[in-house]
Structures are given as C-alpha cells and as structure tokens.
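This report concerns only the one structure given below.
2 protein chains.
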Amino acid sequence: MEVDILTEISVPTSVFDGKYTTNWEETFASRTHKMASSIIRELLKFTVHPDVISFAGGLPAPELFPIREVREACEYVLANYGPASLQYGPTEGHPELRRLLAEKMQKYGVPAEEENILITTGSQQALDLVGKVFIDPGDYILTSEPTYVGAIQAWSAYGARFLTVPMDDDGILIEPMEKLLQKYKVKFIYVLPNFHNPAGVTISEERRYKIIELAARYGTFIVEDDPYGELRFEGKDLVPLITLHKENVIYLCTLSKTLAPGLRIGWVTAPSRVINKLVLAKQGADLHTATFPQFIAADILGRGLLKEHVRKIRRVYRERRDVMLQAMEELFPEGVTWTRPQGGLFLWVTMPEKVDSERLLEKAKEEKVAFVPGFAFYPNGGGRNCMRLNFSNQPPERIREGIRRLANAIKAELRG
Amino acid sequence: MEVDILTEISVPTSVFDGKYTTNWEETFASRTHKMASSIIRELLKFTVHPDVISFAGGLPAPELFPIREVREACEYVLANYGPASLQYGPTEGHPELRRLLAEKMQKYGVPAEEENILITTGSQQALDLVGKVFIDPGDYILTSEPTYVGAIQAWSAYGARFLTVPMDDDGILIEPMEKLLQKYKVKFIYVLPNFHNPAGVTISEERRYKIIELAARYGTFIVEDDPYGELRFEGKDLVPLITLHKENVIYLCTLSKTLAPGLRIGWVTAPSRVINKLVLAKQGADLHTATFPQFIAADILGRGLLKEHVRKIRRVYRERRDVMLQAMEELFPEGVTWTRPQGGLFLWVTMPEKVDSERLLEKAKEEKVAFVPGFAFYPNGGGRNCMRLNFSNQPPERIREGIRRLANAIKAELRG
Numbered sequence: 000m001e002v003d004i005l006t007e008i009s010v011p012t013s014v015f016d017g018k019y020t021t022n023w024e025e026t027f028a029s030r031t032h033k034m035a036s037s038i039i040r041e042l043l044k045f046t047v048h049p050d051v052i053s054f055a056g057g058l059p060a061p062e063l064f065p066i067r068e069v070r071e072a073c074e075y076v077l078a079n080y081g082p083a084s085l086q087y088g089p090t091e092g093h094p095e096l097r098r099l100l101a102e103k104m105q106k107y108g109v110p111a112e113e114e115n116i117l118i119t120t121g122s123q124q125a126l127d128l129v130g131k132v133f134i135d136p137g138d139y140i141l142t143s144e145p146t147y148v149g150a151i152q153a154w155s156a157y158g159a160r161f162l163t164v165p166m167d168d169d170g171i172l173i174e175p176m177e178k179l180l181q182k183y184k185v186k187f188i189y190v191l192p193n194f195h196n197p198a199g200v201t202i203s204e205e206r207r208y209k210i211i212e213l214a215a216r217y218g219t220f221i222v223e224d225d226p227y228g229e230l231r232f233e234g235k236d237l238v239p240l241i242t243l244h245k246e247n248v249i250y251l252c253t254l255s256k257t258l259a260p261g262l263r264i265g266w267v268t269a270p271s272r273v274i275n276k277l278v279l280a281k282q283g284a285d286l287h288t289a290t291f292p293q294f295i296a297a298d299i300l301g302r303g304l305l306k307e308h309v310r311k312i313r314r315v316y317r318e319r320r321d322v323m324l325q326a327m328e329e330l331f332p333e334g335v336t337w338t339r340p341q342g343g344l345f346l347w348v349t350m351p352e353k354v355d356s357e358r359l360l361e362k363a364k365e366e367k368v369a370f371v372p373g374f375a376f377y378p379n380g381g382g383r384n385c386m387r388l389n390f391s392n393q394p395p396e397r398i399r400e401g402i403r404r405l406a407n408a409i410k411a412e413l414r415g
Numbered sequence: 000m001e002v003d004i005l006t007e008i009s010v011p012t013s014v015f016d017g018k019y020t021t022n023w024e025e026t027f028a029s030r031t032h033k034m035a036s037s038i039i040r041e042l043l044k045f046t047v048h049p050d051v052i053s054f055a056g057g058l059p060a061p062e063l064f065p066i067r068e069v070r071e072a073c074e075y076v077l078a079n080y081g082p083a084s085l086q087y088g089p090t091e092g093h094p095e096l097r098r099l100l101a102e103k104m105q106k107y108g109v110p111a112e113e114e115n116i117l118i119t120t121g122s123q124q125a126l127d128l129v130g131k132v133f134i135d136p137g138d139y140i141l142t143s144e145p146t147y148v149g150a151i152q153a154w155s156a157y158g159a160r161f162l163t164v165p166m167d168d169d170g171i172l173i174e175p176m177e178k179l180l181q182k183y184k185v186k187f188i189y190v191l192p193n194f195h196n197p198a199g200v201t202i203s204e205e206r207r208y209k210i211i212e213l214a215a216r217y218g219t220f221i222v223e224d225d226p227y228g229e230l231r232f233e234g235k236d237l238v239p240l241i242t243l244h245k246e247n248v249i250y251l252c253t254l255s256k257t258l259a260p261g262l263r264i265g266w267v268t269a270p271s272r273v274i275n276k277l278v279l280a281k282q283g284a285d286l287h288t289a290t291f292p293q294f295i296a297a298d299i300l301g302r303g304l305l306k307e308h309v310r311k312i313r314r315v316y317r318e319r320r321d322v323m324l325q326a327m328e329e330l331f332p333e334g335v336t337w338t339r340p341q342g343g344l345f346l347w348v349t350m351p352e353k354v355d356s357e358r359l360l361e362k363a364k365e366e367k368v369a370f371v372p373g374f375a376f377y378p379n380g381g382g383r384n385c386m387r388l389n390f391s392n393q394p395p396e397r398i399r400e401g402i403r404r405l406a407n408a409i410k411a412e413l414r415g
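Keeping their order, the protein sequence lines are chains V and P.
Letter by letter, the first sequence follows residues 0 to 415 in numbering that gives the first Met the number 0.
Letter by letter, the second sequence follows residues 0 to 415 in numbering that gives the first Met the number 0.
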C-alpha cells in the first residue's frame with residue numbers, strides 16, 4: 000500500500016508558540032550586520048509599474064531575447080540529451096560549454112583550455128567566489144570610483160576595504176593608482192575595461208598596458224570584469240587585459256547581456272590553479288550551475304547563433320544610446336555633463352555640486368522616471384551629484400519621454 | 000559601419016610572461032587553505048566509466064526524469080511568458096513559484112506565505128546562505144554524526160566548529176545532545192529529519208518534540224534539512240520540526256530529488272526576518288536563481304504533475320532499496336550491519352572495526368564498484384569502518400551485481 004505525501008500528518012498546535020522566540024538580530028554573524036540591499040534591487044519595487052520609465056536597472060531589452068532559438072534549443076537538448084540535461088553535473092560546468100567558451104577566449108588571444116574555464120551562476124557568482132577565495136577581512140581592493148555596485152556588495156561581505164581611483168574618459172587614472180599601490184598592500188586590482196558600469200567609459204589601450212605593468216611591479220593581480228565587451232557600437236575593439244598577461248589576470252564574463260540573463264550563465268577564465276580553488280568554493284556554494292540552461296547555451300553557441308544575435312543587439316542599443324544622448328543635449332539644463340559610451344548599457348551623468356541625486360530621485364519618482372543615484376557606486380562615499388542611466392531597456396520614444404521628465408526634475412531641483 | 004566582435008584585435012605577445020607571475024598560493028584567503036574537495040565529487044572521475052557500478056553519488060534515477068513534462072513546460076513558458084522567463088528576476092524568486100511552494104508548506108501545517116519563502120540555487124545554496132548569514136568564525140554547530148557532507152563543506156568555509164551527536168535507528172540521540180547544549184553556546188542545531196543522508200534513518204516523532212524543546216530551552220534555533228521527506232516508501236509521514244515551532248526553525252527543501260537536480264531549485268521556509276537577511280546574502284551571491292528553470296518548475300507544480308511523478312519515484316526506489324537489502328543479506332559477510340531506510344536514497348553500512356573503508360575503496364575500485372567512505376561524513380574524525388551506499392541510481396540487476404562485487408572486496412579486506 001502506498002502512502003500519500005504528507006496528507007496523513009496530524010498537525011499539532013505549535014508546541015512552543017509564545018514560550019520562546021529566537022531574537023534573530025542577536026544570532027546573525029557580524030558580516031550580516033554590514034549587508035545592505037542594493038538600491039537597484041530596491042528600486043525594482045517602484046519601477047515595476049508600467050507607467051514608470053526606468054533608467055535604473057541594468058536590464059537587456061527583453062524584446063530582443065532569442066525566444067525562437069531558445070525554444071529550438073530546448074527541443075533539441077531534451078530530445079538528444081534528455082536525462083543528462085536534467086541531472087547533476089560537474090562543478091566546473093558542462094564540458095561542451097566550457098570547450099566552446101575556451102574557443103571563444105582563444106579568439107581574444109588567450110590560450111585558454113577547458114581547464115581554464117569555470118561556469119558560474121551569472122557573473123555575480125564569479126565576484127562572490129573571487130571574494131570567498133581571496134579576501135581576508137581587512138584586505139584592500141583597488142578599484143575605480145565609481146565602481147560596479149555588485150562587486151562592492153559581494154566583497155564587503157568578506158570584509159574587504161576599497162581603495163578608489165578616479166576616472167576620466169580613458170578609464171581609471173594611472174598616477175593615483177600607482178600612488179595607492181606604493182602606499183598599500185593591495186590584494187588585487189578590479190577593472191571594468193569596456194563600457195564601464197556605471198561610468199560608460201572604456202580603458203584606453205595605452206592604460207591597459209600600464210595597469211598590467213603596475214600590477215606586476217607591485218606584486219598584485221587583476222580581476223577583469225567584462226560583461227559588455229561584445230556590445231561595442233563603434234570604434235575599434237581593444238585588447239583585453241588577460242591577453243596581455245594571462246598568468247596574472249582573472250577574467251570574468253557572462254552570457255547575460257548577449258544571450259539572456261535568466262539563464263544565469265557566467266564564466267571565469269584564469270590560470271588552472273585559480274580555477275581549482277574557485278571550483279572548491281563553488282562546490283560549497285551551489286554544487287554547480289543549473290545543467291539545463293548550460294545545455295541550452297551550449298546548443299545556441301554551438302550552432303553559431305550568438306554572433307548574429309549580438310549584431311542585432313548592438314544595432315538596437317546604439318540607436319537607443321543616440322536617442323538618449325540627443326535628448327539630454329536638447330533638454331538637460333546648463334551645468335549637467337555626461338559620458339558618451341561607445342557600447343554597453345550605461346552612461347554616467349554629473350550634475351552641479353548642489354544637486355543631491357538621492358533627493359533628486361524623490362522628485363523623479365513623482366515624474367514617474369527612475370535612475371540609480373551615484374552614491375551607490377562609491378564604496379567610500381561620494382558621487383552624490385551623479386547618476387547612472389541605462390539606455391538598453393526602453394524603446395526610443397520612452398527614452399525621449401523619460402529624459403524629458405528627468406530634465407524637469409533636475410530643473411526643479413536646481414531651482415529649489 | 001559595424002565592427003565585428005573582437006576579430007580585429009591585433010594580439011600582442013604577452014607583455015609580462017617570464018617577468019612576473021603571481022604566487023597564487025600566497026594570495027589565497029585563510030579560509031581557502033581549509034577548503035577541501037568533497038570526496039564524492041572526486042569519485043565522479045572514477046564512476047563515469049560505464050563498467051563501474053557506483054553507489055557513491057546521490058543521483059536520482061535519470062530514466063525517471065519527467066522529460067515530457069519539462070518539454071511541455073518549456074513550450075508553454077516560452078509561448079506565454081517568453082521574455083519574462085529569460086529576463087533578470089527578483090532575488091526572492093519567481094513569485095508564482097514562491098506562492099506554489101508556500102501552498103505546499105501549508106499542507107505540512109506551516110502557515111507560510113510568499114514572504115516566508117526564498118528560492119535558492121539548489122539546497123546547497125541554502126546551506127551556504129545560512130552559513131553566510133549566521134556563522135562567525137569559531138561558532139559551534141550541533142549536528143548528528145555522521146552528517147551531510149555538503150553542510151560540513153559549506154559551513155567550514157565560514158569557520159564553523161562542529162559538535163557531533165551519535166545516532167540510532169530513531170535518529171540523533173537526545174541525551175548527548177542536551178549535554179553539549181549545557182556545555183557549549185551553540186549557534187544552531189542541524190537536523191536531517193527524514194531518511195538521513197548518509198545514515199538513512201528517520202527521527203522519531205517523540206524525538207522531534209524533544210529537539211524542539213531543547214532548542215527553545217537552551218536558546219538556540221534549528222536548521223531542518225529535508226530533501227528526501229517526500230520519498231517515503233512505507234510507514235507514516237512524520238510531522239516536520241518547523242510545524243512544531245515555526246518561529247524557531249529554518250526549513251530547507253529542494254526539487255532536486257522529486258523533479259530534477261539539473262534545474263537547481265531549492266527553497267527556504269523561515270520567519271520573514273530571516274528570509275530578508277538571506278535575500279541580502281543571495282543578492283551578493285548570484286543575484287537570483289535562474290529564471291527559466293523557475294518558470295518550468297512553476298508550470299509543472301501548477302499543473303499538479305509533481306505528485307503523480309513522485310509516486311512513480313517512490314515505487315521504483317523502494318524496489319531498489321529492497322533489492323539492495325536482500326543482496327546484502329545474502330552476500331555480505333558476518334559482522335557487517337546496515338540501516339533499513341523507509342525512504343530516500345541512501346543506507347549506511349557499518350563493518351568490523353578492522354576494516355578501513357578508505358582502503359576498502361581501493362579494493363572496490365579494482366572490482367569496479369564505488370561507495371563513499373564513512374569518514375567524509377564525520378567533521379571531527381571517525382566513521383572509518385563505515386560507508387554510504389546509494390540505491391536510487393542503478394537498476395536492480397546492477398545493484399545486485401554491485402553488492403556482489405562489494406561483498407568480495409569486503410571479504411578480501413577482512414582476510415587481508
């Protein structure tokens with residue numbers, strides 16, 4: 000006779016209600032008290048309303064997702080690999096996907112083999128694993144200011160301290176970087192080489208060489224975070240830092256901006272000794288990245304469909320960037336400046352000192368438009384008169400209208 | 000004019016080869032030096048050979064995976080939710096899946112709402128997040144011995160120390176548990192209530208009440224890890240600990256053993272104050288669990304297909320358990336004993352003291368059969384004459400043959 004699932008349990012009244020309740024606040028680890036929610040994720044609650052125009056998220060344009068290709072991949076994978084695509088898999092990742100990504104890295108001039116590739120649950124997990132494997136409490140991480148908010152969040156949990164270096168249109172500045180390297184023992188240098196999140200700028204080729212040289216001279220290594228590199232709209236692709244010194248760079252990338260973020264597939268390229276440690280950390284973190292999405296991605300990459308798809312994304316995002324730049328030119332008041340990214344998803348707006356972008360956000364919400372205030376990207380404070388704008392997620396007419404609303408809010412704030 | 004992706008880069012010779020190479024060993028965090036690979040994952044390299052009969056993994060029977068249901072779900076989800084199923088999603092999880100899982104918990108007598116549910120990247124991530132949120136280095140975790148190897152791995156990374164309590168056929172022993180609670184400040188008690196991994200035993204109803212009482216009396220809380228609860232072959236379902244004291248239990252579950260592990264979907268049920276902190280930790284860890292598998296799972300659960308499917312799994316696994324028990328009865332030598340699980344995937348074998356199961360494994364490999372040596376499940380040492388056997392992943396005739404080979408290896412070891 001078979002029993003049914005938990006239908007025959009006689010459920011008693013809870014035995015301890017009212018007698019003892021854990022004071023949860025007292026049980027949390029010290030690191031937990033430092034955990035803060037990303038303002039971007041918090042803003043989601045406001046930006047879900049369809050009448051709000053959001054420049055806040057880092058979301059790809061959903062109408063470009065390759066639904067047909069994913070559907071074909073699901074069919075093919077289930078028909079041909081069925082059980083294997085739903086079973087536990089190796090922590091390192093689906094071998095075929097690792098092979099395809101190693102090939103991709105080889106095109107960048109990186110002599111990567113399968114053993115140099117680890118599949119991660121999105122690039123965010125790669126940041127977390129790097130933190131877990133390398134950061135002792137108090138360690139210094141050298142990065143640009145502003146810098147990627149997800150890296151701040153991941154590494155703060157391991158007790159990292161941040162040393163920040165300003166940027167210009169050619170990326171992170173070399174001289175202040177060297178001064179910090181002289182003064183502090185730095186665990187690693189964190190760079191976003193292409194179409195920086197949030198700043199939108201790209202590190203020039205000359206500076207890439209200099210960063211590589213500085214890291215080696217001061218005995219540290221580089222974490223190169225490159226989610227947007229393939230989304231260049233114009234100009235010449237620049238050599239990745241890992242290509243310049245493969246033994247000293249941990250390179251992070253993702254399919255989130257080129258294929259689809261909902262598959263949560265990122266990857267790390269690094270020396271095999273580093274990959275081995277990241278694998279150990281990943282075993283404890285989630286055993287492995289979801290198998291089925293890895294098979295889907297391997298099928299789409301294997302059929303060579305991603306390249307054509309990326310071409311389409313670049314065309315659409317370029318137009319949206321142009322629309323945003325044009326609208327800002329026309330509508331933003333005097334004294335407001337911004338970056339002009341050659342690719343990616345974001346640009347960075349600097350307003351007169353008197354404008355506090357967190358206060359501005361309240362006004363903007365009334366106008367039903369959203370952005371991310373600059374302070375979120377400054378681990379040590381600052382950036383209060385700045386904001387990040389995303390141009391990938393809204394169609395052109397909404398971008399124009401959103402910039403119009405935002406311009407009104409800025410003007411009101413400047414008057415107020 | 001459009002540029003092609005990174006095809007025009009003139010790749011220079013690496014600038015620093017031979018001049019500077021990071022000594023990676025010196026850069027790792029202290030916690031990294033303590034990270035060890037799970038012997039189970041290491042065994043995978045041996046057990047992939049098709050002529051090896053493996054009782055080592057914790058793999059579900061792949062021939063039972065609901066391929067047709069998953070295919071239908073893929074079609075339905077892509078046709079009806081298309082872009083949303085491939086886009087970024089909330090850290091807490093897909094709302095519809097959270098709602099369905101809250102409903103499921105309500106059937107267990109737990110008044111859970113959506114706000115009490117967090118979707119995780121497999122149960123393993125839930126263990127990791129619990130560690131991140133609660134464990135300061137040196138904290139004591141009270142658990143059975145043996146205990147789940149993935150919990151040891153996840154929590155060791157946060158510097159946990161383990162206090163271990165022996166078990167009998169009714170689960171973890173109450174008296175030694177209380178002695179430890181008197182002596183040590185325990186961060187939390189970790190229990191696997193049903194068909195324990197690796198021991199195969201189930202905590203009796205009486206002991207469940209006692210554990211709840213002890214936790215409250217000594218001011219600590221409980222982490223209840225229940226991946227196998229639905230896989231009961233016979234006997235009566237027992238009330239989950241969370242039902243007895245919902246304010247003091249963090250309950251972990253997964254779809255890996257009932258639907259498919261390759262989707263990597265687990266969930267936590269806990270007071271909302273705890274969920275909120277786990278959400279913060281998860282933001283930094285991987286932003287959110289893969290969206291597309293969550294939509295697939297929500298579709299299959301929503302159509303009520305899981306219940307019927309679980310019935311099939313229970314039927315098949317019960318037969319396999321019976322075949323394994325029968326074969327051991329016939330073939331294992333005198334002095335070897337084992338547990339008789341009423342469900343789940345594993346049983347636990349205890350051999351005469353003189354048998355070292357790690358050495359036995361070498362003999363077993365020659366016979367082309369594999370298991371997990373007991374020491375892997377003892378965080379403080381011990382269990383060397385024990386082993387864990389999995390009975391879900393092999394068809395009956397392979398189980399019989401595998402036990403025959405294993406019996407030969409044990410006999411040889413007893414002689415040697």
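Ideal Cβ placement from N, Cα and C applies to all residues, glycine included.
Annotated as distal: V/Leu-213 and V/Leu-258, with beta-carbon spacing of 8 angstroms or more. Taking the C-beta atoms as reference points, V/Gln-124 is found nearer than 8 angstroms to V/Gly-265.
The C-alpha of V/Gly-218 lies about 46 angstroms from the C-alpha of P/Leu-359. When beta bridges are read from the DSSP output, P/Gly-342 appears opposite P/Arg-231.
Counting only residues of its own chain and dropping the five nearest sequence neighbours on each side, P/Met-176 has a CB closer than 8 angstroms to the CB of Leu-141, Val-164, Ile-188, Ile-210, Leu-213. Within chain V, the residues placing a beta-carbon under 8 angstroms from that of P/Phe-133 are Thr-26, Phe-27, Ala-28, Thr-31, ordered along the chain. Per the Cβ contact rule, the region 58-70 of chain P is not in contact with the region 201-209 of chain P (fewer than 3 Cβ pairs under 8 angstroms). With a threshold of 8 angstroms between beta carbons, V/Thr-268 makes no contact with chain P.
For the pair of segments examined, the region 229-248 of chain V was found not to touch the region 373-380 of chain V: the number of CB pairs separated by less than 8 angstroms stays below three. The region 357-375 of chain V makes contact with the region 36-55 of chain V: 3 or more CB pairs, one atom from each, lie closer than 8 angstroms. V/Asn-247 has its alpha-carbon roughly 13 angstroms from the corresponding atom of V/Ile-274.
Residue pairing from DSSP places V/Thr-119 in a beta bridge opposite V/Gly-265.
V/Lys-178 is classed as exposed because its beta carbon has fewer than 16 other beta carbons within 10 Å across all chains shown.
Chain V has a Cβ within less than 8 angstroms of the Cβ of P/Ser-84. Going by DSSP, V/Ser-155 is part of the alpha helix (DSSP H) stretching over 148-155.
Identification of chain V residues near P/Thr-90 by a Cβ-Cβ cut-off of 8 angstroms yields Arg-40, ordered along the chain.
DSSP, reduced to helix, strand and coil, places P/Arg-160 within a strand of the structure shown.
Closest option to P/Asp-225, judged by alpha-carbon separation, among P/Ala-215, P/Asn-196, P/Glu-233, P/Lys-235: P/Asn-196.
With its beta carbon at least 8 angstroms from every one in chain P, V/Ser-203 lies outside the interface.
Checking the DSSP bridge columns, you'll see V/Phe-187 partnered with V/Ile-140, V/Phe-220. In this structure, the beta-carbon distance from V/Leu-330 to V/Ile-402 falls below 8 angstroms.
Contact check between the region 89-106 of chain V and the region 107-115 of chain P: fewer than three CB pairs, one atom from each, fall below 8 angstroms, which does not count as touching. Exclusion of the five residues before and after P/Lys-311 leaves Leu-63 as the residues of its chain whose Cβ lies within less than 7 angstroms of its Cβ. Taking a C-beta cut-off of 7 angstroms against chain P, the contacting residues of the region 248-269 of chain V are Ala-259, Pro-260, Gly-261, Leu-262, Arg-263, listed in chain order. Residue pairing of P/Ile-52 in beta bridges, as defined by DSSP: P/Val-368. Assignment of P/Asn-389 by DSSP, reduced to helix, strand and coil, places it in the strand class. Inter-residue distance for P/His-244 and P/Gly-57 is about 30 angstroms (C-alpha atoms, whole angstroms). V/Ala-150 is positioned such that its CB atom lies no closer than 8 angstroms to that of P/Lys-131.
Interface criterion met: the Cβ of V/Thr-120 is under 8 angstroms from a Cβ in chain P. No Cβ-Cβ contact shorter than 8 angstroms links P/Lys-182 with P/Asp-138. Look at the region 73-121 of chain P and you find these whole runs of alpha helix (DSSP H), each 4 residues long or longer: 94-106. V/Tyr-19 carries a coil assignment under DSSP once its states are collapsed to helix, strand and coil. Contact between P/Ala-28 and V/Ile-52 does not hold, since their C-beta atoms are separated by about 43 angstroms, which reaches or exceeds 8 angstroms. In chain order, Arg-206, Lys-209, Ile-210, Leu-213 place their CB closer than 8 angstroms to the CB of V/Ile-173, counting only its own chain and leaving out the 5 sequence neighbours on each side. Taking a C-beta distance under 8 angstroms as the contact criterion, V/Thr-288 and P/Phe-220 do not qualify as a contact pair.
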